[in-house]
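Residues in the sequence shown are numbered consecutively from 34, following the numbering used here.
Ideal placement from N, C-alpha and C gives every residue a C-beta, glycine not left out.
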Amino acid sequence: MFTPEVKDRLFNNYQRFKVVSPQNRIAKKMKSLWRSLFLVPQLKRHEIELFHGLSNELPKGIHKSEIPSVVTIHDLIFMRYPEFYKPIDRKIYFKKVKYACHSADKVIAISKQTKHDIETFFHVPPSKVELIYQPVSQVFFEKQNVNELLKKYQLPEKFILSVGTLEPRKNQLALLQALHLGEINTTVVFVGKQTTSYMAEMKRFIEENEMENQVKFLSNIPEADLAALYQAAIFSIYISVFEGFGLPVIESMACGCPVVTSSVSVLPETAGDAAVLCNPAKVEEIAQKVLLLLENEEFRNIIIEKGTQRANLFHPENYAQKLISLYTEILNRKHA
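The structure is reproduced here in structure tokens:
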């Protein structure tokens, strides 16, 4: 495992891996450069047979190294919605993704939409792009202690959950507007990293409409606590404008929590027939779907059952088997 920074809380079995991180002071400070520019000599030193870049990039020079490689591309949002990114960031992302797509032996797309975007924007042959849906963590399939969680975060027994970075693309403000429009007083809990300007916009709306006692913000919570939040919520809502996959939709389903999500972008593909869809640009429609799930317990139970079945398709064991098959195919081709 080649990583500039070990995050122990992501999972517990790091001791089963050989972990390689930058050793000198300069490399430690320039983490992204270490990962992008200085990794190939390390791969050779450790006699790596196959390298998998897990997030949109491969180290420079790998195409000359004779080391087979795979890259996972999560989305090309920076190309579809350039207004959300600084020009310099777009340029860097474009160069990294283009190099990775053309250097890799195989490209993994995490959705049909991402596969289409890779083939369209970077002219990658369809045969080179493998569709493997992203898994959700095992913890979301496990029963959590909901009562302890409610005490820990001082939450009411009934609340709506919204998970994701607080930013315009994720569209959380539309949920607040829908609650206000529909005169819905149920508590809503937002979980995710906060971006300054959008957070200010949301807080301004909350204050203007006297919703302070109805809204709670959480961030940097452990994964098991997030799973417990899903399991405690009446339902979750994820009405993003554009996604590469939409992981919170499947997390919610795995936890037995019904979910409202967008009828645009990749989200209908992710949700299948196991979620309530709405137009993220229509506040009135969002309010209607929120009221439907709040008031109709029988309907909620139907969505829960469908969601539980769909979530099994995204179990980590299924994902692992597909990766093993792909790795084996590439290595067999190399040694043929």
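_Ile272, DSSP secondary structure in three states_ = If you number the sequence shown from 1, residue 272 lands on position 239. The answer is coil: DSSP assigns Ile272 none of H, G, I, E or B.
_Ignoring anything shorter than 4 residues, give me the alpha helix (DSSP H) runs that lie fully in the region 195-220, in order along the chain._
205-214
_Runs of alpha helix (DSSP H) wholly within the region 69-115 (minimum 4 residues, chain order)_ = 73-78, 110-113
*Measure from the alpha carbon of Leu209 to the alpha carbon of each residue in Thr228, Glu245, Tyr186, then state which is nearest.*
Here the question's residue 209 lines up with position 176 in the sequence shown. The shortest Cα separation from Leu209 among Thr228, Glu245, Tyr186 belongs to Glu245.
_Beta carbon of Val224 nearer than 7 Å to that of Leu251_ = Counting from one through the sequence shown, the residue named residue 224 turns up at place 191. Counting from one through the sequence shown, the residue named residue 251 turns up at place 218. Contact: yes.
*Taking the alpha carbon of Gly277 as the point to measure from, which residue in Leu326, Val297, Ala287, Ala261 has its own alpha carbon closest?*
Here residue 277 refers to the residue found at position 244 of the sequence shown. The candidate whose alpha carbon is nearest that of Gly277 is Val297.
*Locate the alpha helix (DSSP H) running through Phe250, then write down its first and last residues.*
Residue 250 sits at position 217 when you count from the first residue of the sequence shown. First-last for Phe250: 248-251, but that is the beta strand (DSSP E), not the alpha helix (DSSP H).
*Do the CB positions of Val221 and Ile267 come within less than 7 Å of each other?*
As a first step, residue 221 is located in the sequence shown; it is residue number 188 there, counting from the start. As a first step, residue 267 is located in the sequence shown; it is residue number 234 there, counting from the start. Not a contact, by the Cβ cut-off of 7 Å.
*Can you list, in chain order, the residues of its chain whose CB lies under 8 Å from that of Leu325, leaving out five sequence neighbours each side?*
Within the sequence shown, numbered from 1, the residue matching residue 325 stands at position 292. Excluding positions up to five away in sequence, the list reads Val309, Phe332.
*Could you pull out every residue in the same chain whose Cβ sits closer than 6 Å to the Cβ of Leu70, ignoring the five residues on either side in sequence?*
What you label residue 70 is simply residue 37 of the sequence shown in a count that begins at 1. Within the same chain, Leu70 has close Cβ partners Lys93.
*Using the DSSP secondary-structure output, state which residues sit across from Leu310 in a beta bridge.*
Locating residue 310 in the sequence shown gives position 277, counting from the first residue. According to DSSP, residue pairing for Leu310 in a beta bridge involves Thr294.
_Top-ranked residue by Cα proximity to Leu280, from Leu262, Asp258, Ala304_ = Mapped onto the sequence shown, residue 280 falls at position 247. Measuring from the Cα of Leu280, the nearest candidate turns out to be Ala304.
*Please go through the same chain and pick out, in chain order, the residues whose beta-carbon is closer than 8 Å to the beta-carbon of Ser98, but skip the five residues on each side of it.*
For the purposes of this step, residue 98 is taken as the residue at position 65 of the sequence shown. So the list reads Val73, Leu76, Lys77, once near-sequence residues are dropped.
*Buried versus exposed call for Leu87 [16 or more other C-beta atoms within 10 Å across all chains shown]*: Sequence index remark: in the sequence shown, residue 87 carries index 54 (1-based). Residue environment analysis places Leu87 among the exposed positions, since fewer than 16 neighbouring C-beta atoms fall within 10 angstroms of its C-beta.
*Using beta-carbon positions only, say whether Tyr166 and Leu199 come within less than 7 Å of one another.*
Translated into positions along the sequence shown, residue 166 becomes position 133. Translated into positions along the sequence shown, residue 199 becomes position 166. No, these two residues do not count as a Cβ contact at 7 Å.
_If you reduce the DSSP assignment to three classes, tell me which class Glu350 lands in._
Within the sequence shown, numbered from 1, the residue matching residue 350 stands at position 317. Helix, per DSSP.
*asked:* Between which two residues does the alpha helix (DSSP H) holding Lys191 run?
replied: Locating residue 191 in the sequence shown gives position 158, where the first residue counts as 1. Lys191 -> no alpha helix (DSSP H), and no H or E assigned at all.
*Looking only at DSSP bridge pairs, what is Cys164 linked to?*
Position 131 of the sequence shown holds residue 164. Note that residue 164 is Leu in the sequence shown here, rather than Cys. Bridge partners of Leu164: Ala142.
*From the DSSP output, read off the bridge partner residues of Phe223.*
The residue you call residue 223 lines up with position 190 of the sequence shown. Paired residue(s): Ser195, Phe250.
*Just mark Ile59 as buried or exposed, buried being the case when its beta carbon has 16 or more other beta carbons within 10 Å.*
As a first step, residue 59 must be located in the sequence shown, where it is residue number 26. Residue environment: Ile59 is assigned as exposed (fewer than 16 neighbouring CB atoms within 10 Å of its CB, all protein chains considered).
*Would you mind sorting Asn345 into buried or exposed? The rule is 16 or more other CB atoms within 10 Å of its CB.*
Residue mapping note: residue 345 aligns to position 312 of the sequence shown, counting from 1. Classification for Asn345: exposed.
*Looking at the structure shown, is Phe238 part of a helix, part of a strand, or coil, going by DSSP?*
Residue numbering aside, residue 238 sits at position 205 when the sequence shown is read from its first letter. Looking at Phe238 - three-state DSSP - the assignment turns out to be helix.
*Taking the alpha carbon of Ile272 as the point to measure from, which residue in Ala233, Leu259, Lys315 has its own alpha carbon closest?*
The residue labelled residue 272 in the question sits at position 239 within the sequence shown. When each option's Cα is compared against that of Ile272, the closest is Lys315.
*Expected contact under 8 Å - CB spacing of Pro101 and Ile319 to nearest Å*: Walking along the sequence shown from the start, residue 101 turns up at place 68. Walking along the sequence shown from the start, residue 319 turns up at place 286. Contact doesn't hold; Cβ gap of about 46 Å is too wide.
_Start and end residues, alpha helix (DSSP H) containing His135_ = Here residue 135 is taken as the residue at index 102 of the sequence shown, counted from 1. Counting along the chain, the alpha helix (DSSP H) containing His135 begins and ends at 120-136.
*Does the separation of the CB atoms of Gln177 and Ala261 fall below 7 Å?*
Here residue 177 refers to the residue found at position 144 of the sequence shown. Here residue 261 refers to the residue found at position 228 of the sequence shown. Judged by beta-carbon spacing, Ala261 lies within the 7 Å limit of Gln177, meaning their Cβ atoms are closer than that value.
*Can you tell me where the alpha helix (DSSP H) with Gln264 in it begins and where it stops?*
Position 231 of the sequence shown, counted from the first residue, corresponds to residue 264. Per DSSP, Gln264 belongs to the alpha helix (DSSP H) from 256-265.
*If Lys61 sits next to Asn89, beta carbons under 8 Å apart, how far is it from one beta carbon to the other, in whole angstroms?*
In the sequence shown, counting from the first residue as 1, residue 61 sits at position 28. In the sequence shown, counting from the first residue as 1, residue 89 sits at position 56. Lys61 to Asn89, Cβ: 22 Å. No contact.
*Could you say which of Leu164, Met235, Thr105 lies nearest to Ser136 if we only look at CA atoms?*
As a working note, residue 136 is residue 103 in the sequence shown. Checking every option, the nearest Cα to that of Ser136 belongs to Thr105.
*asked:* Suppose you measure from the CA of Pro189 to the CA of Asn253; what does that come to, to the nearest Å?
replied: The residue you call residue 189 lines up with position 156 of the sequence shown. The residue you call residue 253 lines up with position 220 of the sequence shown. Taking the straight line from one Cα to the other gives about 20 Å.
_Per-residue DSSP class, three states only, for Val299_ = In the sequence shown, the residue the question calls residue 299 occupies position 266. Correct three-state label for Val299: coil.
_Could you compute how far the alpha carbon of Pro313 sits from the alpha carbon of Asn204?_
The residue labelled residue 313 in the question sits at position 280 within the sequence shown. The residue labelled residue 204 in the question sits at position 171 within the sequence shown. Near 7 Å, if we compare the C-alpha coordinates of Asn204 and Pro313.
*Name the residue from Phe127, Ile125, Ala257 whose alpha carbon lies nearest to the alpha carbon of Lys185.*
Taking the first residue of the sequence shown as position 1, residue 185 is located at position 152. With distances taken between Cα atoms, Lys185 lies closest to Ala257.
*Can you tell me the Cα-Cα spacing of Lys322 and Ile357, whole angstroms?*
Start at 1 with the first residue of the sequence shown, and residue 322 comes out as number 289. Start at 1 with the first residue of the sequence shown, and residue 357 comes out as number 324. Using only the alpha carbons, I get a separation of about 40 Å.
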